[in-house]
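In the working numbering, the protein residues as written are 57 to 461. Take a look at the structure set out below.
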Amino acid sequence: MRILVQKFGGTSVANLECMLKVREKVLAALDKGYKVVVVLSAMSGETNRLIDMAKKWSSKPDPAEMDVLLATGEQTSVALFSMLLKDKGVKTRSLLGYQIPIQTDKSFGKARILDIDAEKLKHMLTRFDVLVAAGFQGCDCEQRITTLGRGGSDTSAVALAAALNAELCEIYTDVDGVYTTDPNICSKARKIHKIAYDEMLEMASMGAKVLQIRSVEFAKKYNVPVHVRSTFSDEPGTLVVQEDETMEAAMVSGIAYDKDQARITLVDVYDEPGIAATVFEPLAAANIVVDMIVQNPSREGRTDMTFTVPKGSLEETLDIIEKIKDQIGARGVLSDPNVAKVSVIGVGMRNHSGVAAIAFSALKNENINIMIISTSEIKISCLIEEKYTELAVRTLHEAFGLDQA
Ligand code: ADP
Ligand code: ASP
Ligand code: MG
């Protein structure tokens, strides 16, 4: 049985007209002899609408009920799309996360997939030609609905492709591939025809939301070839695959940005063993993802500690810090939600020196102040004021010669 997984994002299922385009893609795959697992997102704007609604109903929406609510977005999409397919005589049915089942842990809002019943799905594919699965959702061991975090339908699709041993996982979206940076903010961005899992992982981790990070982790772990392409054209897109010798080893392959950052500074905490653990252990226990961290001794026996968390976690982080403030001797706590991280990414960076200097001088030329710098073997990230994000991205894109001719 040749199985193809096709995932369509929010803008691809935004209305009837878009869904008709999606149907063409699915029918074309059937014509090629595939059994197709279609994974759908909620219609564009719907997940945000539901989140806003929950915030009106409750000052602190219950995480489990939040997932029950958010999962309705994808439920609507799969029901409507299955109807469209049936109108064309296709043997199909919709499947919600718990019906597959996609088993996850209990981390509501950011659940991790533990298991997928592939045998049951394969058996279903002997009776149906297309299965229309709701992305973004699963269920825990107590049958409670969970969701996989924003952009999670990508992960549902790649995980299903891995479990089913599918030939390919196609990710259809509103751009026709992965670009050197977000084409919606930099008109000179270039399409990358083939990208290695590691590089894509770094781009996604640094904020390129075209693929959710976990989907790339799955793809890499199970060696699932992923093709990112447009629902609205037939152009080939970007293949995300294992690194091979035909890939250009560019020093810098892309620029990413992440506006979902908030900065916290603990002023003048004790400079002694255990302080960092006292700060970060309760944050980890609360499932708060800390990103950049810097600490440098300021005065005798004292140090400032600065770190970033997702904007949505700022309030909870401040609540936790309030409880340990005296224990760590902090003389003040500063916070700023108006920050963003811009990153320069490239596996070729391993063998080049001076990459950071090029980035810093490009930002200097635009008078953009850098608050925090963090580096790894294949990336350099700078935290800057959020309002300069687009300018910084375009400037860095040009400075590293990524602009298209
Ligand atoms: P979907 O709803 O289909 O999942 P998303 O909005 O999650 O789509 O992801 C597609 C968007 O990702 C594009 O519209 C684009 O603005 C953004 N994006 C960010 N970085 C990149 C990049 N390097 N290449 C392509 N798209 C990018
Ligand atoms: N609907 C979810 C979101 O908006 C999941 C997804 O689209 O991938 O984040
Ligand atoms: Mg997405």
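Virtual Cβ for every residue (Gly too), placed ideally from N, Cα, C.
Let me check you understand the geometry: is the CB of Phe137 closer than 8 Å to at least one non-hydrogen atom of the ligand ASP? no
Closer than 8 Å to a non-hydrogen atom of the ligand ADP - does that hold for the CB of Tyr235? yes
Hey, would you say Val280 sits closer than 9 Å to Cys225, going by beta carbons? yes
Does the beta-carbon of Asn240, which I'm using as the reference point, lie nearer than 8 Å to any heavy atom of the ligand ADP? yes
Residue range of the alpha helix (DSSP H) that includes Arg183: The continuous alpha helix (DSSP H) containing Arg183 extends over residues 174-183.
Which residue's Cα is closest to the Cα of Leu216: Val231, Ile169, Val346? Ile169
State yes or no: is the C-beta of Asp210 nearer than 8 Å to some heavy atom of the ligand MG? True, at least one ligand heavy atom lies under 8 Å from that Cβ.
Cβ-based burial, Thr334 [other Cβ within 10 Å; buried from 16]: exposed
Using CA coordinates, which residue listed in Gln351, Leu181, Arg246, Ala218 is at the minimum distance from Glu147? Looking at the sequence shown, residue 147 is not Glu but Lys. The option with the nearest alpha carbon to Lys147 is Leu181.
Measure the alpha-carbon distance for Leu458 versus Lys420 and round it to whole angstroms. 19 Å
For the alpha helix (DSSP H) that Leu152 lies in, which residues bound it at each end? Neither: Leu152 is in no alpha helix (DSSP H) and is coded neither H nor E.
With H, G and I counted as helix, E and B as strand and the rest as coil, what does DSSP make of Phe363? Judged by DSSP in its simplified three-state form, Phe363 adopts strand.
Drop a sphere of 10 angstroms on the beta-carbon of Ser261, count the other beta-carbons inside from all chains shown, and report buried for 16 or more, exposed for fewer. With 16 or more Cβ atoms within 10 Å of its Cβ, Ser261 is classed as buried.
Lys63, buried or exposed, once every other Cβ within 10 Å from all chains shown has been counted against 16: buried
Among Ile377, Ala448, Asp316, whose alpha-carbon lies nearest the alpha-carbon of Pro393? Asp316
Which one of Val323, Gln460, Gly410, Val398 has the shortest CA to CA distance from Asp382? Comparing Cα positions, the closest option is Val323.
On the DSSP bridge list, what partners appear for Pro353? Thr359
Closest to Gly330 by C-alpha separation, out of Arg285, Ile384, Asp238, would be which residue? Ile384
The ligand ADP and Thr67: does the residue's C-beta get closer than 8 Å to at least one heavy atom of that ligand? Checking every heavy atom of the ligand ADP against the Cβ of Thr67, one is found closer than 8 Å.
Is it a yes or a no for the segment 293-303 touching the segment 245-253, going by three-plus beta-carbon pairs under 8 Å? yes
Residue nearest to Val325 in terms of C-alpha spacing, selected from Asn352, Ile429, Asp185, Ile201: Asn352
Spatial neighbours of Ser138 within its chain, please: C-beta separation below 8 Å, excluding the five flanking residues on both sides. Thr148, Arg149, Ser150, Val188
Taking one C-beta from the segment 87-98 and one from the segment 157-174 each time, how about it: are there three or more such pairs within less than 8 Å? no
Beta-carbon proximity list for Arg450, same chain, < 7 Å, skipping 5 on both sides: Cys242
I believe Thr211 touches Val284 by the beta-carbon criterion, under 8 Å. Please report the beta-carbon distance rounded to the nearest angstrom. Not confirmed; about 14 Å, so no contact.
8 Å contact criterion, which Glu223 and Ile59 should meet: CB distance rounded: Contact holds; Cβ gap of about 7 Å.
Rank Phe274, Ser369, Asp290, Phe288 by C-alpha distance to the C-alpha of Ala320 and give the top, closest one. Note on identity: in this sequence residue 320 is Ile, with Ala being the wrong assignment. Cα-wise, what sits closest to Ile320 is Ser369.
Glu73 versus Leu439: straight-line alpha-carbon distance, rounded: Going from the Cα of Glu73 to the Cα of Leu439 covers about 41 Å.
Ordered along the chain, which non-local residues of its own chain (more than five positions away) have a Cβ less than 8 Å from that of Arg79? Phe137, Leu140, Leu141, Lys144
I think Val282 touches Val214, with their Cβ atoms under 8 Å apart; what is that distance to the nearest whole Å? 6 Å
When you compare the CB positions of Ser399 and Ala312, do they come within less than 9 Å of one another, or not? Less than 9 Å separates the beta-carbon of Ser399 from that of Ala312.
Over the uninterrupted alpha helix (DSSP H) stretch that includes Lys112, give me the two end residues. 102-113
Please tell me whether, using a cut-off of 8 Å, the distance from the CB of Val95 to the nearest non-hydrogen atom of the ligand MG is below it. No.
When DSSP labels each residue in this structure, what does Ser212 get in the three-state scheme? helix
Bounding residues of the alpha helix (DSSP H) (the contiguous stretch that carries Arg79): 72-87
Inter-residue spacing [alpha-carbon to alpha-carbon] between Val82 and Ala341: 43 Å
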